[in-house]
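So the structure is just underneath, and the comments pick up after that.
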Amino acid sequence: MDFSLTKEQKDIQKAARKFAQGEFDPDVALDLEKKGHYPFEIRKRACELGFIGMQIPERYGGRELGLLENVLVVEEFCCQHSGIGMALSLSDFGSEMILRFGSDDQREKYLPSITRGESALSLAYLEKDQGGDFTSFKTTASRNGNGYLINGKKSFVFNGTLSGPMIILCQLPSNIRPVEKVALIVEKDTDGLVSSPMGSRVGMRMVPMAELTFTDLKVSHECLIGNEGQGLTLLMKFLNEMNIEAAAIGTGIAQGSLNLALAYAKQREQFGRKIGSFEAIRDKLADMATKIEIARLLTYKAAWSFDRNYQNHTVNYMAKMVSAETALEVARDSLHIFGGYGYIVESKIEQFYRDASMVDIIGTPGGADKGLIADQVIGKI
91 MDFSLTKEQK DIQKAARKFA QGEFDPDVAL DLEKKGHYPF EIRKRACELG
141 FIGMQIPERY GGRELGLLEN VLVVEEFCCQ HSGIGMALSL SDFGSEMILR
191 FGSDDQREKY LPSITRGESA LSLAYLEKDQ GGDFTSFKTT ASRNGNGYLI
241 NGKKSFVFNG TLSGPMIILC QLPSNIRPVE KVALIVEKDT DGLVSSPMGS
291 RVGMRMVPMA ELTFTDLKVS HECLIGNEGQ GLTLLMKFLN EMNIEAAAIG
341 TGIAQGSLNL ALAYAKQREQ FGRKIGSFEA IRDKLADMAT KIEIARLLTY
391 KAAWSFDRNY QNHTVNYMAK MVSAETALEV ARDSLHIFGG YGYIVESKIE
441 QFYRDASMVD IIGTPGGADK GLIADQVIGK I
């Protein structure tokens with residue numbers, strides 16, 4: 091069993107690391123974080139170098155690479171800076187659904203603007219009152235001539251206030267059970283759609299998050315992705331893939347947190363010694379490094395399996411769950427190593443800790459991963 095990356099993958103990893111080190115200016119990042127602004131200029135340069143939409147075919151401006159290559163880039167970006175890394179990694183959130191299930195016209199219309207950095211994609215599937223059942227929608231798409239009328243609300247929509255297309259998951263009004271779902275793609279400036287920022291958050295402040303209200307929003311049948319009734323299936327297939335990218339985000343944040351803690355432990359002195367020489371600190375750093383390696387191996391295995399069309403959804407859920415937990419645990423322990431200085435904004439580690447707390451909501455909503463893993467492990471009773 092060969093765990094090594096190919097030369098091309100190592101080159102991509104190295105290029106992503108070099109780009110992040112050169113472009114993620116600490117002062118610019120701090121200003122963006124304080125203001126809650128999106129890193130438009132950095133995204134543009136990342137697109138020019140092909141780091142956004144890497145899996146998208148070349149004819150649409152992508153590089154037609156695998157998910158593992160994308161995972162390597164996401165991990166490097168989030169390792170260098172959690173806030174900018176998350177914003178760039180989620181700038182094409184939902185593009186996989188268009189790429190794998192959209193029509194040729196939909197791919198031609200929407201994918202090139204994403205790879206050029208001219209627009210950011212959104213996927214609206216979460217609602218405030220869903221509880222633990224994120225597959226149950228109150229937002230409806232009623233048939234209306236040669237199209238649909240959308241009514242309802244969506245919440246926690248990444249990139250919801252940025253210009254670009256949006257995929258909306260709705261249910262078709264019907265007394266038949268189970269209720270059929272549809273995925274419809276529209277432009278965010280369409281009449282009948284109101285986008286409202288959801289306000290300041292603990293983390294992910296550079297990723298615009300919105301609440302959307304739809305009032306008799308008219309869309310044509312050409313906006314339908316896939317077929318009627320396939321909406322839920324398409325969403326789950328997308329989330330299956332997105333969970334792997336979320337795992338890469340978590341792994342990157344964890345590694346970045348450890349890097350900061352290591353650097354601090356090697357230069358901070360107490361009682362005439364570097365704190366990195368104290369057994370308690372050494373043990374903690376060893377535990378952190380071990381957890382990260384476990385998360386990374388699960389993430390790489392999930393991406394490697396996906397690229398080979400192995401249907402191993404359980405590993406994807408495991409990778410996302412473990413990486414999200416690892417990111418939060420490692421960032422927290424790194425904060426403790428910094429002591430009081432860790433709570434100072436300029437220390438950088440406090441942002442990694444805040445952003446780590448948000449990894450759990452990317453892809454499959456937090457809490458659902460463990461239930462889905464249990465379904466596969468236990469099976470029918």
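Those letters in the sequence shown? Residues 91 to 471, by our numbering. Glycine residues also receive a C-beta, built at the ideal position from the N, C-alpha and C atoms.
Check	Outcome
Report the rounded CA-to-CA distance for D117 versus H171, giving the unit in angstroms.	12 Å
Keeping to the same chain, check which residues put their C-beta closer than 7 Å to that of L418; ignore five residues upstream and five downstream.	A446, S447
Taking only runs of the alpha helix (DSSP H) that begin and end inside the stretch 194 to 265, which ones reach a length of at least 4 residues, in chain order?	194 to 205
Let me know if E301 comes out buried or exposed under the rule of 16 or more other beta-carbons within 10 Å of its beta-carbon.	buried
Within the same chain, show all residues whose beta-carbon is closer than 7 Å to that of K391, passing over the 5 residues directly before and after it, in chain order.	V405
Where does G457 land, buried or exposed, given buried means 16+ other C-beta within 10 angstroms?	exposed
To the nearest angstrom, report how far apart E166 and T389 are at their CA atoms.	14 Å
Just how far apart, CA to CA, sit C137 and V161?	16 Å
Among the residues of its own chain, which have a CB less than 8 Å from the CB of Y433, if the five just before and after it don't count?	L425, E440
CB of Y150 to nearest heavy atom of the ligand MN: below 6 Å?	Ligands displayed in this structure: none; no statement on the ligand MN is therefore possible.
Could you tell me the boundaries of the beta strand (DSSP E) in which T305 lies?	299 to 310
By the DSSP assignment, the beta strand (DSSP E) with K381 in it spans what residues?	Premise fails: K381 lies in the alpha helix (DSSP H), 369 to 397, not in any beta strand (DSSP E).
Run through DSSP, which three-state label would P129 get?	coil
Give every residue of the same chain whose Cβ lies closer than 6 Å to the Cβ of K374, excluding the five residues on either side of it in the sequence, and list them in chain order.	D423
Threshold first: 4 residues or longer. Then list the alpha helix (DSSP H) segments lying entirely within the stretch 437 to 470, N to C.	439 to 446, 458 to 468
Quick one: what does DSSP say D115 is sitting in, helix, strand or coil?	coil
Going by the DSSP bridge assignment, what does I275 pair with across the sheet?	I257
Please check the pair K271 and F328, which I expect to be a contact at CB under 8 Å, by giving their CB distance rounded to whole angstroms.	Their Cβ separation, rounded to whole angstroms, is 13 Å, which puts K271 and F328 out of contact at 8 Å.
Would you be able to state if there are at least three C-beta pairs under 8 Å between the stretch 295 to 309 and the stretch 228 to 246?	yes
Taking 7 Å as the cut-off, decide whether the C-beta atoms of L348 and M378 are in contact.	yes
Measure how close the beta-carbons of R295 and E123 come, nearest whole angstrom, since I'm counting them as under 8 Å.	6 Å
For Q360, list the residues DSSP reports as bridge partners.	R363
Run through the DSSP bridge pairs and tell me what I315 is partnered with.	A273
Over what stretch of residues does the alpha helix (DSSP H) that includes F425 continue unbroken?	The residue you asked about is not Phe; residue 425 is Leu in the sequence shown. First-last of the alpha helix (DSSP H) with L425: 403 to 428.
From R153 to A370, what does the alpha carbon distance come to, in whole angstroms?	46 Å
Which value, in whole angstroms, describes the spacing of the CA atoms of S61 and A105?	With the chain represented from 91 up to 471, any question about residue 61 goes unanswered, as that position is not in the structure.
Cα separation between S477 and G316?	Limits of the chain in this structure are 91 at one end and 471 at the other, which puts residue 477 out of reach.
What residues in its chain sit with their C-beta under 6 Å from that of R107, if we drop five residues either side in the sequence?	E166
Is it right to say D281 is buried, meaning 16 or more other beta carbons lie within 10 angstroms of its own, or is it exposed?	exposed
When you compare the CB positions of F396 and L201, do they come within less than 7 Å of one another, or not?	no
Given a threshold of 16 other Cβ atoms within 10 Å of its Cβ, counted over all protein chains shown, does K356 qualify as buried or as exposed?	exposed
Within 10 angstroms of the Cβ of L314, are there 16 or more other Cβ atoms? Answer buried if so, exposed if not.	buried
Three-state secondary structure (DSSP) at D121?	helix
Let me make sure I understand the geometry here. Which of A393, E217, Q466 has the alpha-carbon closest to that of L155?	A393
May I have the straight-line CA-CA distance separating K364 from I427, to the nearest angstrom?	12 Å
For I188 and K199, I'd like the C-alpha separation in whole angstroms.	10 Å
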